[in-house]
Ligand SMILES: [Zn+2]
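In the numbering used here, the protein residues as written are -17 to 486.
Right, here's the structure in full:
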C-alpha cells in the first residue's frame, strides 16, 4: 500500500486508502483474467496476508536506527533459522554465490515472517506472488492497467487529479532504464566546465566553514572534535558526472513488447549489481544519475555527491551573486556535509565504517540537543483537526536527520558566505535587499511548493524530509542571523533565544 501504517492505523485517512486499495487489488486480478468471484477471493487473501506482514514489519522511524538495522549473521545461520523458503533456490536464481555472511537488518521481521508463513498455504502464497507480479507490471501494460494503478497510487494516495501526459511518462521510463546513456547526453548539452569549477570552489569554502564551526562548538570536547575534523577532511566529493559511464552494449532492447523490454532492463540492472558481490567497495560508483535534481551524502563511503542537474536555478545561477548561490546550492552542500554528522551519519567514521568515535559525554550532549529538535517538529500541525479527526502532526523523529542537516547547512553556508565577504568585501544591496536577505530569500525560494492535503499527509508518513514550508519556516526559527537579516524581534516565526537549538 505504500506504508506499513496504512494497514494498521485506525485514522480516517488510512481507512479511506485501505478501501481504495481493495478496489485496486480486485481490479488487477480481474484485468489479469480472474472471474469476479475469483478476484474478490484473491484480493481478500492478498490483503489479509499483507496485513499480517505489516504487523511484523518495523516502522519507519525505527528503520533509521543504524544499530537496530545491523545484524550480521553467517549465511548458514540465517538460512537455517529463517527456513520459510528454500534459500538455496533463491540465492541461485538471484545470482548470489560468493557470500558467507550477510546483514539480516531487521531480525524481528524475519522472526515474525518465519512464524507467519508456516501458517499460510502454498496456494495463498502463490496468489500473493501473482498480485506482486501484476502490480509491478501494471504501469507497462494496457491503458486499463495503467489507469487502475493511477486510481490507487495517484488519486487515492497522493490526491493527484490527472495522469501525467504520455510523453512525460515515457521520458521517465527511458531516464530510469538508461540512466547513464541519458546522462551523457544531458551533460554534453547542459553542463559547462565553469559550473564544475565554481562548485569545487564552493565545496572547499563550505568545508573550511564547517571546520571553523566544529572548532567553535561549546558542547563538544577537543577529543571528539579532532575526529570530526578528520572525517570532514576525508570527504569524497563528486560533482557533475562520473568518470566512467555504464556500458549498455549487452542490454538487449527488442521490438517485441514493452513489458519484455522492461524485464530485460531490470535483469540487466540486477546482473550489474551482482557483479559487485565479493568485491571491495567501489568508491567511484555514483548513487544518482547526472540528470537528477538532487544531491546526497553516503555514510558508508563518506562521500558527498552533486549531480550536474542540480546546478541550475533556483539552486545555482552562474549569473547571480554569491549571496544567492550560497543561499541555494551552498545550503545544499552544507546540508549534505552535515549528514555526515547527523544522528545517523555520526555513527560512521571517516572510512565509512560503523564505529563510535564519540566520548560518552559528547554523545549525550548531542542527543540532548537533537531531542529538542524532535520536540520542535512534533509540535507542527500539518493538517488541522477536522470532523472529529485529530490534527495530523509532523514526525520529529522520522525527519530528525534531515532537520539537523537543513539547519547545519544554513549555518555552514552562511559562515562560508561571510568568509568570502571578509576576503572580497560585502556587496551593496540589490533591489533593496542586503546580501544576508538575498541569502535567506534564495533558501526560501528552493523549497516553495504546491501540495495537496493527501500528498502532505502521505509525505509526513513516508518522507524523511520535512515539508518544504517547514524546511524554511520551522528551521529558520533557530537561526539568529536570519532574525538579524530581517530585523525580526517577535511574530509567528520568532522563537525566544532560550528555546532555540544549535547543533552544528
Ligand atoms: Zn538530506
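Even glycine gets a Cβ: it sits at the ideal position worked out from N, Cα and C.
Residue i by DSSP, collapsed to three states: which one?
i: residue 437; result: helix
i: residue 371; result: strand
i: residue 306; result: helix
i: residue 85; result: strand
i: residue 285; result: strand
i: residue 15; result: coil
i: residue 475; result: coil
i: residue 55; result: strand
i: residue 219; result: strand
i: residue 382; result: helix
i: residue 365; result: strand
i: residue 470; result: coil
i: residue 454; result: helix
Are the beta-carbon atoms belonging to residue i and residue j less than 8 Å from one another?
i: residue 436; j: residue 140; result: yes
i: residue 292; j: residue 276; result: yes
i: residue 439; j: residue 382; result: no
i: residue 266; j: residue 224; result: yes
i: residue 161; j: residue 271; result: yes
i: residue 260; j: residue 81; result: yes
i: residue 446; j: residue 380; result: yes
i: residue -15; j: residue 443; result: yes
i: residue 132; j: residue 96; result: no
i: residue 323; j: residue 210; result: yes
i: residue 11; j: residue 25; result: yes
i: residue 64; j: residue 32; result: no
i: residue 219; j: residue 159; result: no
i: residue 386; j: residue 452; result: no
i: residue 334; j: residue 357; result: no
i: residue 91; j: residue 39; result: yes
i: residue 448; j: residue 310; result: no
i: residue 51; j: residue 45; result: yes
i: residue 441; j: residue 460; result: no
i: residue 303; j: residue 372; result: no
Are there 16 or more other CB atoms within 10 angstroms of the CB of residue i, so buried, or fewer, so exposed?
i: residue 221; result: buried
i: residue 62; result: exposed
i: residue 389; result: buried
i: residue 56; result: exposed
i: residue 569; result: Absent from the model: residue 569. The displayed extent of the chain is -17 to 486, so no value can be given.
i: residue 9; result: buried
i: residue 393; result: buried
i: residue 462; result: exposed
i: residue 281; result: buried
i: residue 16; result: buried
i: residue 184; result: buried
i: residue 111; result: exposed
i: residue 374; result: buried
I'd like the list of long-range same chain contacts for residue i, defined as Cβ closer than 6 Å, with 5 residues on each side in sequence excluded.
i: residue 236; result: none
i: residue 418; result: 467
Residues in the same chain with beta-carbon distance under 8 Å from residue i, minus the five sequence neighbours each way, listed in chain order, please.
i: residue 489; result: Lying before the first or after the last residue shown, residue 489 is absent from the chain, which here runs from -17 to 486.
i: residue 77; result: 252, 253, 256, 259
i: residue 296; result: 310, 424, 427, 428
i: residue 206; result: 339, 340, 341, 344
I'd like the list of long-range same chain contacts for residue i, defined as Cβ closer than 7 Å, with 5 residues on each side in sequence excluded.
i: residue 119; result: 241
i: residue 455; result: 475
i: residue 89; result: 53
Within 7 Å: the Cβ of residue i and any heavy atom of ligand 2?
i: residue 379; result: In terms of ligand content, the structure shown lacks ligand 2 and carries ligand 1 instead.
So that I know if they touch, is there some Cβ in chain C lying closer than 8 Å to that of residue i?
i: residue 103; result: Checking the listed chains, one finds no chain C in this structure; it contains a single protein chain.
TODO: Could you pull out every unbroken beta strand (DSSP E) segment of at least 3 residues lying fully inside the region 237 to 282, listed in chain order?
DONE: Within the region 237 to 282, the runs of beta strand (DSSP E) at least 3 residues long that lie entirely inside it are, in chain order, 278 to 280.
Task: Complete alpha helix (DSSP H) runs within the region 62 to 122 (minimum length 4 residues, chain order) - done: 69 to 76, 89 to 99, 104 to 119
Task: Within the region 288 to 363, ranges of the alpha helix (DSSP H) (whole runs, at least 4 residues) - done: 304 to 307, 313 to 321, 342 to 360
- [ ] Quick one: which unbroken alpha helix (DSSP H) runs of 4-plus residues sit fully inside the region 130 to 178? Chain order, please.
- [x] 148 to 159, 161 to 172
TODO: Could I get the ranges of all uninterrupted beta strand (DSSP E) runs contained in the region 406 to 433, with 3 residues as the minimum, in chain order?
DONE: DSSP runs (the beta strand (DSSP E)) wholly in the region 406 to 433: none.
Open item on the list: Restricting to runs no shorter than 3 residues, where is the beta strand (DSSP E) found entirely within the region 183 to 231?
Closed with: Fully enclosed beta strand (DSSP E) runs of 3 or longer: 218 to 222.
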